[in-house]
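Note sheet for the following structure.
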Amino acid sequence: IKIKITKIDIPVAFASAFEGEIIRRGDMQVEFDGSRVDCFELVQAKEATEIEDHKIEVIGPDFDEFEVGSKQSIAYIVEVAGKNMQSDFEPVFERKFHSYINCIEGVMHTGQRDMIRVRVSKDTFNAGFRAKHIGEVLYAKIKSEFAAVVDKCQVKVITDAAECTKLRSELAVPSYDKRDERLSTLTDEGVDVYYSCIMCQAFSPSHVCVVTPERLGLCGAVSWLDAKATNELDPQGPCQVITKGGLIDERTGSYQDVNDAVKKYSQGALETVTLYSIIEDPMTSCGCFECICGIEPLSNGVCIANREYAGMTPIGMTFPELASMTGGGVQTPGFMGHGKHFIASKKFMKAEGGVGRIVWMPKDLKDQVAEKLNATAKELYNIDNFVDMIGDETVAEDPETLLAYLEEKGHPALSMEPMM
Ligand code: SF4
Ligand code: ZN
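Count the sequence shown with this note's numbering and you get residues 15 to 434, in order.
Shown next, in the form of structure tokens:
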């Protein structure tokens, strides 16, 4: 018999009302900052014999021993076991930590994996909140929300800086790499089914993401493996299987089964969607896209802006301006929201010629995707260092200057077929 846990043993409140709470620098007792020191969060599937249920272990100094307002290391490892547990579920659990930790009164959490940041407020510290309580929250939530697959759970909360550094490089990063590798070997052709995701219908009622191995959800947080795990954990939940029957057009990635699914899950608002075109029935966008790409007519290509970019694009619009015309679950041919990882995909705008259409990206985004995008361009067009041909804000923020730059570099988009 599984007992659903509702009470969490912590000295402050736990409620979704605290999720958006911001803790200012002056109000914080301690901060754990993965961008400065070694921090991480990790879920690991284990054998039942390796786990003592509800064991919460703190390794290192507790919050009292840290100087007020200082930056420290933290890592928490949640180990789970269960007959129906799979290692593919690990990242799905992990992604929930953000919400779980934010629901604690006076605790703020951002980021994921080894780029987390956690702040604990002075009030919450004074109420008695300590390192083990993070473990209590994670234990209680994982046991109650994933009762179908988790029989036993134990948590290690590590605040010893040297131990965080050691485990980050020896355990956490290799685990993340292994997951990413598993996904990178999957192709759209190599799997039997895709998945729908309607998690964003709460605020974008007609929006449906179709998630494939080579095209993750536009939020960047739902890969095909994640969607698959979500479906297996909750068969009536937000991610449903889409079969691949009824191929209509391979070039655009158009399938009758995909159209039927999109029509069903959008309650009829949407009838046809392609997987690989930005012009012909492109996928819709909700509001949480990591990036938006849009046609830049003069250079016969597309500009991409990421959410973090605050400046102007050669399209003549900033990210918020692009977002205002791309979101809301409607199709806007020529504009599309997408995840960062999609940029280096061989399926990115495949119908329009692929990644060779990318003519401009903010410099910071270029740096983030360079390695993989260069590899894709080499494979598709036999071009070396393709990213160097792409403009950025240091080169141009208007179409004419951009065009001159592209001509100088011999950018492939200039010799592709007209897009419109
Ligand atoms: Fe799901 Fe992400 Fe798409 Fe929202 S944006 S529907 S969470 S895949
Ligand atoms: Zn969304």
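Here a beta-carbon is modelled for each residue, glycine too, at the ideal position from N, C-alpha and C. Everything numeric in this text was worked out from a predicted model, so none of it was measured.
If you follow the alpha helix (DSSP H) that residue i is in, where does it begin and where does it stop?
{"i": "Val276", "result": "270-279"}
{"i": "Lys360", "result": "First-last for Lys360: undefined, no H or E at that position."}
{"i": "Cys171", "result": "One detail in the question is off: residue 171 reads as Val in this sequence, not Cys. Careful: Val171 lies outside any alpha helix (DSSP H), inside the beta strand (DSSP E) at 166-172."}
{"i": "Ala319", "result": "That residue, Ala319, is in no alpha helix (DSSP H); its beta strand (DSSP E) goes 315-320."}
{"i": "Lys136", "result": "136-140"}
{"i": "Val236", "result": "Looking at the DSSP string, Val236 is not in any alpha helix (DSSP H), and its letter there is neither H nor E."}
{"i": "Phe333", "result": "333-340"}
{"i": "Leu181", "result": "175-181"}
{"i": "Val151", "result": "145-159"}
{"i": "Leu417", "result": "413-423"}
Skipping 5 residues on each side, what residues in its chain have a beta carbon closer than 7 angstroms to that of residue i?
{"i": "Arg50", "result": "Lys85"}
{"i": "Val44", "result": "Phe77, Phe80, Ser84, Gln86, Val134"}
{"i": "Thr266", "result": "Thr288, Tyr290, Ser291, Glu294, Ala365"}
{"i": "Gly228", "result": "First, the residue type needs correcting, since residue 228 is Glu and not Gly in the sequence shown. Answer for Glu228: Thr201, Asp202, Ser359, Lys360, Lys361, listed in chain order."}
{"i": "Lys16", "result": "With a pLDDT of 48 at Lys16, under the threshold of 50, the predicted position of this residue should be treated as unreliable, though the coordinate-derived value follows. Result list for Lys16: Ala161, in chain order."}
{"i": "Val494", "result": "Residue coverage of the chain in this structure runs from 15 to 434, which leaves residue 494 outside it and unanswerable."}
{"i": "Gly125", "result": "Gly48, Arg131"}
{"i": "Gln270", "result": "Gly259, Gly260, Ile262"}
For the beta strand (DSSP E) that residue i lies in, which residues bound it at each end?
{"i": "Leu261", "result": "261-263"}
{"i": "Met42", "result": "42-47"}
{"i": "Ile73", "result": "70-73"}
{"i": "Lys85", "result": "84-86"}
{"i": "Val121", "result": "121-124"}
Assuming residue i and residue j form a contact by the criterion Cβ under 8 angstroms, report the distance between their Cβ atoms to the nearest whole angstrom.
{"i": "Lys136", "j": "Asp76", "result": "Their Cβ separation, rounded to whole angstroms, is 15 angstroms, which puts Lys136 and Asp76 out of contact at 8 angstroms."}
{"i": "Gly251", "j": "Thr244", "result": "6 angstroms"}
{"i": "Ile156", "j": "Val92", "result": "6 angstroms"}
{"i": "Phe28", "j": "Ile22", "result": "5 angstroms"}
{"i": "Tyr290", "j": "Lys361", "result": "5 angstroms"}
{"i": "Met375", "j": "Ile404", "result": "6 angstroms"}
{"i": "Phe32", "j": "Ile130", "result": "No, Phe32 and Ile130 are not in contact; Cβ-Cβ is about 17 angstroms, not under 8 angstroms."}
{"i": "Ser218", "j": "Gly343", "result": "4 angstroms"}
{"i": "Phe333", "j": "Ile306", "result": "7 angstroms"}
{"i": "Thr74", "j": "Leu232", "result": "The question names Thr, but residue 74 is Gly in the sequence shown. Contact doesn't hold; Cβ gap of about 39 angstroms is too wide."}
So who's on the other strand from residue i, going by DSSP bridges?
{"i": "Arg229", "result": "Thr226"}
{"i": "Cys253", "result": "Cys211"}
{"i": "Ser405", "result": "Going by the sequence as given, residue 405 is Gly instead of Ser. Its beta-bridge partners are Trp374."}
{"i": "His352", "result": "Cys305"}
{"i": "Leu56", "result": "Ile91"}
{"i": "Glu195", "result": "Paired residue(s): none; Glu195 is not in a bridge."}
{"i": "Arg133", "result": "Glu45, Met122"}
{"i": "Phe1", "result": "Residue 1 lies beyond the stretch modelled for the chain, which goes from 15 to 434, so this question has no answer here."}
{"i": "Met326", "result": "Thr332"}
{"i": "Glu203", "result": "DSSP output for Glu203 lists no bridge partner at all."}
{"i": "Glu310", "result": "Gly315"}
Return the chain-ordered list of same chain residues with a C-beta closer than 6 angstroms to the C-beta of residue i, the five sequence neighbours on each side being excluded.
{"i": "Val171", "result": "Val72, Tyr90, Ala145, Ile148, Gly149"}
{"i": "Asp412", "result": "Pro328"}
{"i": "Cys167", "result": "Val94, Tyr153, Ile156, Lys157"}
{"i": "Ser280", "result": "Ser220, Val222"}
{"i": "Phe111", "result": "Glu55"}
{"i": "Met213", "result": "Pro252"}
{"i": "Ala175", "result": "Ser87"}
{"i": "Leu312", "result": "Pro413, Leu417"}
{"i": "Phe103", "result": "Ala243"}
{"i": "Gly96", "result": "Val163, Val164, Asp165"}
Please work out which residues of its chain come closer than 8 angstroms, Cβ to Cβ, to residue i, disregarding the five sequence neighbours upstream and downstream, and give them in chain order.
{"i": "Val207", "result": "Val255, Ile256, Thr257, Lys258"}
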